[in-house]
Amino acid sequence: MMHKKMDKNVMDKTAASTEVTIKGTQQIPMQSSAGKREYQIFVSKPLEEPPSWGYPVIYLLDANSVFGTMVEAVRLQSRRPEKSGVVPAIIVGIGYATNGPFSSERYYDYTLPVAVSELPVRPDGSPWPSHGGAEDFLKFIEEDLKPEIDKRYKVDHDSQTLFGHSLGGLFALYVLFEKPYAFQTYIAGSPSLHWNKKWFREEEEKFLSRLNQGNGDISLLLGVGELEGTHKSGMNGNALELSKRLSLKDSRVNVQFNEFEGEGHLSVLPPLINRALRFALKRNVTGKK
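Here the sequence shown is numbered in my numbering, starting from 759 and rising by one per residue.
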């Protein structure tokens, strides 16, 4: 009898297998109208009906690596917004046609032009991939991607977040400085400020001037892993000093700096995502003001 019972629970090796998908998600191929660059856009729409003012939206860079992590974090935590501080939100991941977690094309999209002589030395000593396309990438987001998302979903235009890590964190800060009101919340994880450090220091005053011309406050979360503090780029120190300068110079920027204990450059992503969700979405819990 025991033998027969066990047979019923054994997986049928002849049964056809199917791919596992995340419910409520889809993938949309897109091409930039300016540079004709190819992207894979990953979108997660909440199963809940949207509030009358629309869903908040989080635009996520490097979607091939962290889209699933963020989608599942939102799905689980938004079940009890009053407890978690996280409401249902649309996640728009910007990725590439690759099966790997990262594409070398990110170097072009996330960076400003820099003279080769000014670039940091690559860890393996090889030349850096093509870089300097941040301006065109921002145009793609603003002129191509956002209008497409607006057509497909009911969006809250007063609650939009940009999330980037490493070079993606650098790009998030570039957008903050260049066009601060493109988003209401910016998450810059382990930002590679050493790549364009000179540009950012020169642009700070212009950034503050742009803030004075807009309406509303802007929130910025800078997050790094504790173990990144020993990196020769000075990543943690650069992020901390930036948070201090922005906090002192203009009270309209709500700046938060977090160093996650025991985490490195990649392991910091899950705790950073959890912190980012509460940082970006908590104000939506009690409803639209």
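Ideal Cβ positions, reconstructed from N, Cα and C, are used throughout, including at glycine.
Note that this is a predicted model, so its numbers are computed, not measured.
**Asked** Looking at the unbroken beta strand (DSSP E) that takes in I1031, where does it start and where does it end?
**Response** Locating residue 1031 in the sequence shown gives position 273, where the first residue counts as 1. Element bounds for I1031: not the beta strand (DSSP E) but the alpha helix (DSSP H), L1027 to L1039.
**Asked** Among residues of its own chain, excluding the 5 on either side of F935, which ones have a beta-carbon nearer than 6 Å to its beta-carbon?
**Response** Translated into the one-based positions of the sequence shown, residue 935 becomes position 177. Here the set comprises E961 and F965.
**Span of the alpha helix (DSSP H), counted from its first residue to its last, around L931** = Residue mapping note: residue 931 aligns to position 173 of the sequence shown, counting from 1. L925 to E936 is the extent of the alpha helix (DSSP H) around L931.
**Request:** List the whole-angstrom C-beta distance separating S917 from P814, where the pair is believed to meet the contact cut-off of C-beta under 8 Å.
**Result:** Walking along the sequence shown from the start, residue 917 turns up at place 159. Walking along the sequence shown from the start, residue 814 turns up at place 56. That pair is a contact at about 4 Å.
**Asked** Contact check, P787 vs Q798 under 8 Å by CB: the rounded distance?
**Response** For the purposes of this step, residue 787 is taken as the residue at position 29 of the sequence shown. For the purposes of this step, residue 798 is taken as the residue at position 40 of the sequence shown. Their Cβ separation, rounded to whole angstroms, is 6 Å, which keeps P787 and Q798 in contact under 8 Å.
**Euclidean distance between Cα positions of Q835 and S1025** = Indexing the sequence shown from 1 puts residue 835 at position 77. Indexing the sequence shown from 1 puts residue 1025 at position 267. Computed Cα separation, rounded: 20 Å.
**Prompt:** Do the CB positions of L1000 and L951 come within less than 8 Å of each other?
**Reply:** On the sequence shown, position 242 is the one that residue 1000 refers to. On the sequence shown, position 193 is the one that residue 951 refers to. Yes, Cβ-Cβ distance for L1000 and L951 is below 8 Å.
**Asked** Counting pairs of beta carbons, one from the stretch 861 to 872 and one from the stretch 881 to 901, are three or more of them closer than 8 Å?
**Response** yes
**Asked** Based on Cα-Cα distance, which residue from E806, Q789 and S790 lies nearest to K781?
**Response** By one-based count along the sequence shown, residue 781 stands at place 23. The option with the nearest alpha carbon to K781 is E806.
**Message:** Whole angstroms are fine: how far does the CA of V1013 sit from the CA of K956?
**Reply:** As a first step, residue 956 must be located in the sequence shown, where it is residue number 198. As a first step, residue 1013 must be located in the sequence shown, where it is residue number 255. Their backbone Cα atoms lie some 21 Å apart in a straight line.
**Prompt:** Which residues bound the alpha helix (DSSP H) around Q835?
**Reply:** Numbered from its first residue, the sequence shown carries residue 835 at position 77. Segment A821 to Q835, the alpha helix (DSSP H) holding Q835.
**Asked** Does the separation of the CB atoms of T919 and I899 fall below 8 Å?
**Response** If you number the sequence shown from 1, residue 919 lands on position 161. If you number the sequence shown from 1, residue 899 lands on position 141. No.
**Message:** What does the Cβ neighbour count give for L980, buried or exposed, with the cut at 16 atoms within 10 Å?
**Reply:** Translated into the one-based positions of the sequence shown, residue 980 becomes position 222. The residue in question, L980, is buried, as its Cβ has 16 or more Cβ neighbours within 10 Å.
**Prompt:** If you draw a straight line from the C-alpha of R1036 to the C-alpha of V844, how long is it?
**Reply:** Along the sequence shown, read from residue 1 onward, the residue named residue 1036 stands at position 278. Along the sequence shown, read from residue 1 onward, the residue named residue 844 stands at position 86. Whole-angstrom Cα-Cα distance: 6 Å.
**Cβ distance (whole Å) where G947 is taken to contact L1039 below 8 Å** = In the sequence shown, counting from the first residue as 1, residue 947 sits at position 189. In the sequence shown, counting from the first residue as 1, residue 1039 sits at position 281. Incorrect: roughly 17 Å between the Cβ atoms, too far for contact.
**Inter-residue spacing [alpha-carbon to alpha-carbon] between K912 and S810** = The count along the sequence shown starts at 1 and reaches residue 912 at position 154. The count along the sequence shown starts at 1 and reaches residue 810 at position 52. Approximately 9 Å, taken between the alpha carbons.
**Request:** Can you grab the Cα-Cα spacing for the pair T827 / E1021, in whole Å?
**Result:** Taking the first residue of the sequence shown as 1, we reach residue 827 at position 69. Taking the first residue of the sequence shown as 1, we reach residue 1021 at position 263. About 17 Å.
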